[in-house]
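Working notes for the structure below.
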Amino acid sequence: MQPDLPDIPALQRLRTRSPLVHCMTNDVVQTFTANVLLALGASPAMVIDAGEAPEFAAIADALLINVGTLTETRAQAMRGAIEHAVAANKPWTLDPVAVGALSLRTRFCQQILSLQPAVIRGNASEILALAGVNSGGRGVDATDTADSALPGARTLARQSCAIVVVTGEVDYVTDGERTCSVPGGDPLMTRVVGTGCALSAVVAACTTLPGDRLENVATACGVMKRAGAEAASQSAGPGSFVAAFIDALWREGRA
Amino acid sequence: MQPDLPDIPALQRLRTRSPLVHCMTNDVVQTFTANVLLALGASPAMVIDAGEAPEFAAIADALLINVGTLTETRAQAMRGAIEHAVAANKPWTLDPVAVGALSLRTRFCQQILSLQPAVIRGNASEILALAGVNSGGRGVDATDTADSALPGARTLARQSCAIVVVTGEVDYVTDGERTCSVPGGDPLMTRVVGTGCALSAVVAACTTLPGDRLENVATACGVMKRAGAEAASQSAGPGSFVAAFIDALWREGRA
Amino acid sequence: MQPDLPDIPALQRLRTRSPLVHCMTNDVVQTFTANVLLALGASPAMVIDAGEAPEFAAIADALLINVGTLTETRAQAMRGAIEHAVAANKPWTLDPVAVGALSLRTRFCQQILSLQPAVIRGNASEILALAGVNSGGRGVDATDTADSALPGARTLARQSCAIVVVTGEVDYVTDGERTCSVPGGDPLMTRVVGTGCALSAVVAACTTLPGDRLENVATACGVMKRAGAEAASQSAGPGSFVAAFIDALWREGRA
Chain A
0 MQPDLPDIPA LQRLRTRSPL VHCMTNDVVQ TFTANVLLAL GASPAMVIDA
50 GEAPEFAAIA DALLINVGTL TETRAQAMRG AIEHAVAANK PWTLDPVAVG
100 ALSLRTRFCQ QILSLQPAVI RGNASEILAL AGVNSGGRGV DATDTADSAL
150 PGARTLARQS CAIVVVTGEV DYVTDGERTC SVPGGDPLMT RVVGTGCALS
200 AVVAACTTLP GDRLENVATA CGVMKRAGAE AASQSAGPGS FVAAFIDALW
250 REGRA
Chain B
0 MQPDLPDIPA LQRLRTRSPL VHCMTNDVVQ TFTANVLLAL GASPAMVIDA
50 GEAPEFAAIA DALLINVGTL TETRAQAMRG AIEHAVAANK PWTLDPVAVG
100 ALSLRTRFCQ QILSLQPAVI RGNASEILAL AGVNSGGRGV DATDTADSAL
150 PGARTLARQS CAIVVVTGEV DYVTDGERTC SVPGGDPLMT RVVGTGCALS
200 AVVAACTTLP GDRLENVATA CGVMKRAGAE AASQSAGPGS FVAAFIDALW
250 REGRA
Chain C
0 MQPDLPDIPA LQRLRTRSPL VHCMTNDVVQ TFTANVLLAL GASPAMVIDA
50 GEAPEFAAIA DALLINVGTL TETRAQAMRG AIEHAVAANK PWTLDPVAVG
100 ALSLRTRFCQ QILSLQPAVI RGNASEILAL AGVNSGGRGV DATDTADSAL
150 PGARTLARQS CAIVVVTGEV DYVTDGERTC SVPGGDPLMT RVVGTGCALS
200 AVVAACTTLP GDRLENVATA CGVMKRAGAE AASQSAGPGS FVAAFIDALW
250 REGRA
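Chains as they are written, first to last, in numbering that gives the first Met the number 0: chain A, 0 to 254; chain B, 0 to 254; chain C, 0 to 254.
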């Protein structure tokens with residue numbers, strides 16, 4: 000396993016390219032997700048209508064699908080967006096929030112797995128559920144450790160031909176053969192809503208970078224963990240953490 | 000009337016149990032609500048699909064219904080969630096935002112009143128409207144005082160067999176017989192969106208605690224008022240208030 | 000062209016009147032929009048159901064229509080709200096996010112242009128698209144300068160009988176005859192989601208003020224630019240900017 004160090008040139012490239020990231024994400028994390036992407040120099044846009052989302056997926060540089068507040072209507076719009084992204088050769092990233100615990104999202108995630116996601120990013124329970132291993136997840140929080148999910152993640156990566164990210168105290172990034180581990184971060188990150196969802200958006204942004212995708216995705220994990228640790232050291236609690244985290248991201252990848 | 004003091008053991012229990020609170024709330028306050036619950040050690044999850052919401056309501060420890068941005072589709076999902084929560088013996092809390100002023104939510108709130116809410120939390124105009132007393136409410140802001148709504152609150156509590164909370168400069172918590180008053184807070188809390196809605200979520204979390212529910216609900220009111228006063232004393236305005244408020248909640252109930 | 004200075008009496012009047020602003024806006028900016036309006040003393044309310052929105056539009060003092068996350072369902076609710084606002088002689092403001100780039104919102108904006116908006120606020124690409132001039136917009140970010148859009152803005156103002164605001168490094172406010180320019184602000188404002196959308200909400204609030212509407216709208220632009228510059232000077236990045244910006248607005252228009 001290769002330890003990952005945040006790759007400054009990758010972050011500089013992100014700022015230079017400013018990829019347009021089409022975020023179809025849950026209701027709870029939209030503002031935070033947009034501000035995280037903006038702080039890193041990417042350009043977020045949320046387009047959700049079943050007619051417009053496919054149009055926009057073909058225009059944007061990358062697509063994020065997060066099923067946190069999935070509905071039947073949104074599932075239909077997401078499916079259209081994925082199909083158009085794939086047809087236009089644009090990478091899409093899946094965040095399978097609480098998959099395995101609830102029926103609509105479980106069916107939906109299983110269906111779209113065949114549509115060639117570039118990356119799948121989840122916690123241990125979500126990755127195990129997608130890999131077909133039973134899990135004790137009871138909602139959005141993992142009840143398994145990232146370590147224990149690594150074999151399942153490798154299997155899922157090989158099955159789906161995607162890079163799989165399992166996040167936890169250590170993040171693991173694997174394509175089924177190679178695996179990077181990304182330590183760091185801070186427990187305070189789990190007491191603020193949306194840090195995982197925002198990571199998935201940053202991962203989506205990094206799928207647009209040239210070079211080795213596994214390394215680019217590990218860079219996304221590394222920058223979030225580094226900014227999280229820095230922000231936690233400057234914060235009196237999860238309230239002040241949010242601003243400090245965005246400010247820390249703002250400083251990443253600058254000359 | 001019994002003056003209420005924030006009950007530290009109740010807050011410690013909240014952190015220990017970390018109840019899973021299913022929040023079906025309005026579009027405007029989702030992030031803030033989630034972060035308030037996380038700061039107090041509870042575990043928020045927003046699940047909104049008409050198929051998934053009932054499933055999840057039976058899994059979660061408590062349910063919050065907030066009608067601030069109600070639609071017909073959401074009303075249907077909420078009704079299913081309430082029915083499954085009740086069947087699974089999980090308490091649900093109603094925040095009847097702007098009831099009385101608009102037709103869909105007024106009809107909906109009157110219908111679900113019969114489904115045994117554990118707690119109803121509203122401002123004076125909302126509680127008076129639910130109690131069948133005419134009110135001059137013109138939207139989300141109260142045009143009546145909490146004092147003046149207390150008789151109506153007691154009537155509503157007896158009719159619905161729920162604990163009723165009327166919030167204002169002083170919060171009143173009543174089961175129709177006993178009434179607690181909770182003074183404190185700061186006017187700045189009314190210049191930040193979502194403090195009332197987030198209180199309802201904290202109330203929902205506190206319905207999962209053992210012991211006297213009236214006291215537990217008053218504790219929820221007390222902790223929010225105390226954190227609000229502390230945050231206001233440290234803030235230059237409503238912008239810095241938000242972070243200071245979450246940080247103050249973060250410190251509550253710690254040994 | 001008349002340079003604009005923030006008009007303190009107008010802001011004081013905003014605090015005194017506390018207009019109720021019905022915001023039908025996109026999913027990403029709801030919290031920020033509400034907190035911006037609250038900081039300036041206005042009263043925001045988001046009501047979105049196709050049944051309730053028309054009811055509420057007639058009750059509220061002003062209506063904001065922002066098509067950032069438009070869906071067919073929301074378009075229907077918005078059209079009903081606009082018709083009831085117009086019938087009740089309440090001004091409505093249009094924020095045509097990404098118009099020209101996507102089909103549903105382009106059709107919708109062209110349709111509602113005939114329903115007498117009081118103000119249209121967009122970036123250069125959006126205003127040019129609405130004016131029927133081809134634009135290179137690829138989403139939410141302008142690819143044209145405000146300067147270059149000014150002739151189109153004047154044409155659009157005359158065609159629609161609305162005041163048109165083109166925002167950029169300098170904001171221009173025109174009724175087709177008179178034009179105000181509003182310099183100031185800070186580039187950091189473009190790295191936080193929702194500053195443009197929130198300006199449209201403040202513009203909507205200012206349409207309720209007595210006096211010259213062109214001047215009142217220019218005041219809205221001026222106060223946002225001034226608060227943005229002040230907040231940027233106090234911030235370590237876009238994270239701390241948000242709180243500083245709301246706090247700066249909180250100080251505006253106080254005696």
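Ideal placement from N, C-alpha and C gives every residue a C-beta, glycine not left out.
Quick caveat, the model's predicted, so the values are computed rather than measured.
The alpha-carbon of A:A226 is positioned some 47 Å away from that of B:S102.
Straight across, the Cα-Cα distance linking A:V222 with A:L248 is about 7 Å. Checking the DSSP bridge columns, you'll see A:M23 partnered with A:I64. Taking a beta-carbon distance threshold of 8 Å, A:E71 counts as an interface residue toward chain B. The bridge partners DSSP lists for B:T166 are B:N122. If you look at B:L93, you'll find it in the beta strand (DSSP E) that goes 91-94. With respect to C:G79, C:T24 sits apart: the two C-beta atoms are not nearer than 8 Å. Beta-carbon to beta-carbon, A:H21 and A:L63 are separated by about 7 Å, close enough to satisfy the 8 Å threshold. The residues G252, in chain order, have a CB closer than 7 Å to that of C:I7 in the same chain once the five nearest residues on each side in sequence are set aside.
Residue-level contact by beta carbon holds for B:A243 and chain A, with a gap shorter than 8 Å. Neighbours of C:T206 in chain A, taken as residues at a C-beta separation under 7 Å, are lacking, since the least C-beta distance is about 26 Å. Taking 8 Å as the threshold, the shortest C-beta distance from C:S239 to chain A falls below it. Judged by pairs of C-beta atoms under 8 Å, the region 228-240 of chain C does not touch the region 113-122 of chain C, as fewer than three such pairs exist.
Sixteen is the threshold: since fewer than 16 other Cβ atoms of the shown chains lie within 10 Å of the Cβ of A:T15, the residue is exposed. Excluding residues up to 5 positions away in sequence, A123, I126, L127, V165 lie with their Cβ nearer than 6 Å to the Cβ of C:A148 in the same chain.
At a cut-off of 8 Å, the C-beta of A:D174 has no neighbouring C-beta in chain B.
Cβ-Cβ separation between C:T144 and C:A156: approximately 18 Å, too far for a contact (criterion under 8 Å).
Ranked by Cα distance from A:C108, the options A:I81, A:V181, A:A87, A:Q29 are led by A:I81. Ranked by Cα distance from C:T207, the options C:A76, C:F244, C:A59 are led by C:A59. In this structure, B:V202 sits near B:V118, with a CB-CB distance shorter than 8 Å.
Under a criterion of Cβ atoms nearer than 8 Å, no residue of chain C is adjacent to B:G131; the nearest Cβ is some 20 Å distant. Listed along the chain, the chain C residues whose CB falls inside 7 Å of the CB of A:A33 are V27, V192. In the three-state reduction of the DSSP assignment, C:C160 falls in the coil class. Per the coordinates, the alpha-carbon of C:A41 lies some 15 Å from the alpha-carbon of C:T92. Bounds of the alpha helix (DSSP H) holding C:S239 are 237-250.
Take the alpha-carbon of C:I162 and the one of C:Y171: they are about 10 Å apart.
A:L149 is outside the set of residues whose beta carbon lies under 8 Å from a beta carbon in chain C. Apart from the 5 residues on each side of it in sequence, B:V46 sits with its Cβ closer than 7 Å to the Cβ of H21, A52, F55 in its chain, given in chain order. For the set C:R104, C:N65, C:N88, the Cα lying nearest the Cα of C:D94 is the one of C:N65. Interface residue (Cβ-Cβ distance to chain A less than 8 Å): B:T178 is not classified as such. Against chain C, the CB of A:E82 has no partner CB under 8 Å away; the residue lies outside that interface. A:V46 has a beta carbon lying within less than 8 Å of a beta carbon in chain C. Rounded to whole angstroms, the gap between the alpha carbons of A:G184 and B:N34 is 19 Å.
Annotation: the continuous beta strand (DSSP E) that includes A:T178 extends over 178-181. Secondary structure of A:S17 (DSSP, three-state): coil. Any Cβ of chain B closer than 8 Å to the Cβ of A:T68 would place that residue at the interface, and such an atom is present.
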